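Going letter by letter, the sequence shown gives residues 0 to 197 in numbering that gives the first Met the number 0.
Built from N, CA and C at the ideal position, the CB exists for glycine as well.
Please read all numbers here as calculations on a predicted model, not as lab measurements.
Below is one structure; the comments refer to it alone.
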Amino acid sequence: MTAARPPSVPPPPNYVTSAKIVIAGGFGVGKTTLVGSISEITPLTTEALMTAASIGVDDAEAVPDKTTTTVAMDFGRITLDRSLILYLFGTPGQARFWFMWDEVCRGAIGAVVLVDTRRLADCFSALDYFEERRMPYLIAVNHFPSATEYPEQEVRQALAVGDTVPIMGCDARNRASTQQVLITLVEYVLSLRRGGGR
Ligand SMILES: Nc1nc2c(ncn2[C@@H]2O[C@H](COP(=O)(O)OP(=O)(O)OP(=O)(O)O)[C@@H](O)[C@H]2O)c(=O)[nH]1
Ligand SMILES: [Mg+2]
């Protein structure tokens, strides 16, 4: 993000700020879908076909239509308003690509942790990663048709995240829904910075 300006100094005309956001979460939770639903440029993806070799390694039971998986990262861009451009970096979902995470997350202002309520535990390592680095994150519950919807408080308890961490539902395939998630994250990061949080 561009260096903060003292509040008394108005931004110059055409002042544009950019920020990096990470889209994280477990395997097959919809990270690539989310980046693709909102990006105004053709997203850069690094999808590889899932072959028979992934049987028993990648649990695709909850997402039977899934044929590819991210092996490095996703990249997209969205202009939220005329003065704020977000660069979206999606992480690979599988544990064997952990070595990519530091590169993908470096310099990000915050993260969206996508979760599927059928496989909540899959996001624990992402939560640990952001907690350890004190990087602000929110929880976006990606609603899959066969997944049970739980009240926010139950999701909060199951994930053991703090009371201030935003939790919201979303549909990663839907642009408006994805946009709302990103706006909520940016507002949360700004509120933490104003309040001297993380
Ligand atoms: N019903 C429903 N299906 C979704 C949604 N988001 C993604 N999918 C489907 O779920 C599957 C997984 O989506 P991806 O976007 O590849 O998931 P990912 O998190 O990037 O996966 P990895 O990179 O392999 O970890 C795909 O078949 C999507 O079409 C959603 O909001 N609702
Ligand atoms: Mg992916």
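As computed with DSSP, G35 is found in no beta bridge at all. Listed as beta-bridge partners of R174 by DSSP are no residues whatsoever.
Environment of ligand 2, chain-ordered: K30, T31 and T69, taking every residue with Cβ within less than 5 angstroms of a heavy atom. Pairwise C-beta distances place the region 79-98 in contact with the region 15-24, as three or more of them are shorter than 8 angstroms. Between P135 and V180, the C-beta gap is not smaller than 8 angstroms, which leaves the two residues out of contact. Rounded to the nearest angstrom, the gap between the Cα atoms of T32 and R172 is 6 angstroms. Here the region 59-73 makes contact with the region 35-51; the two share three or more CB pairs at distances below 8 angstroms. Note that the region 150-159 touches the region 115-124; at least 3 beta-carbon pairs, one per stretch, sit closer than 8 angstroms. Taken atom to atom, the span from the alpha-carbon of G109 to that of P63 is near 30 angstroms.
Only buried fits I37, as 16 or more other CB atoms lie within 10 angstroms of its CB.
Secondary structure of I40 (DSSP, three-state): coil. For A157, the enclosing alpha helix (DSSP H) covers residues E151 to L158.
Note on geometry: alpha-carbon atoms of V28 and V34 lie some 12 angstroms from one another. Straight-line measurement puts the Cα of L85 at about 13 angstroms from the Cα of E186. Excluding residues up to 5 positions away in sequence, G24, G25, V28, D121, C122, I138, A139, V140, N141, V154 and L158 lie with their Cβ nearer than 8 angstroms to the Cβ of V114 in the same chain.
According to the DSSP assignment, A18 belongs to the beta strand (DSSP E) that extends over T16 to G24. A59 sits away from F143, with the two beta carbons spaced by 8 angstroms or more. Counting only residues of its own chain and dropping the five nearest sequence neighbours on each side, A146 has a CB closer than 7 angstroms to the CB of D115, T116 and R117. Counting the other Cβ atoms within 10 Å of the Cβ of S190 gives fewer than 16, which makes it exposed. The three-state secondary structure of I84, taken from DSSP, is strand.
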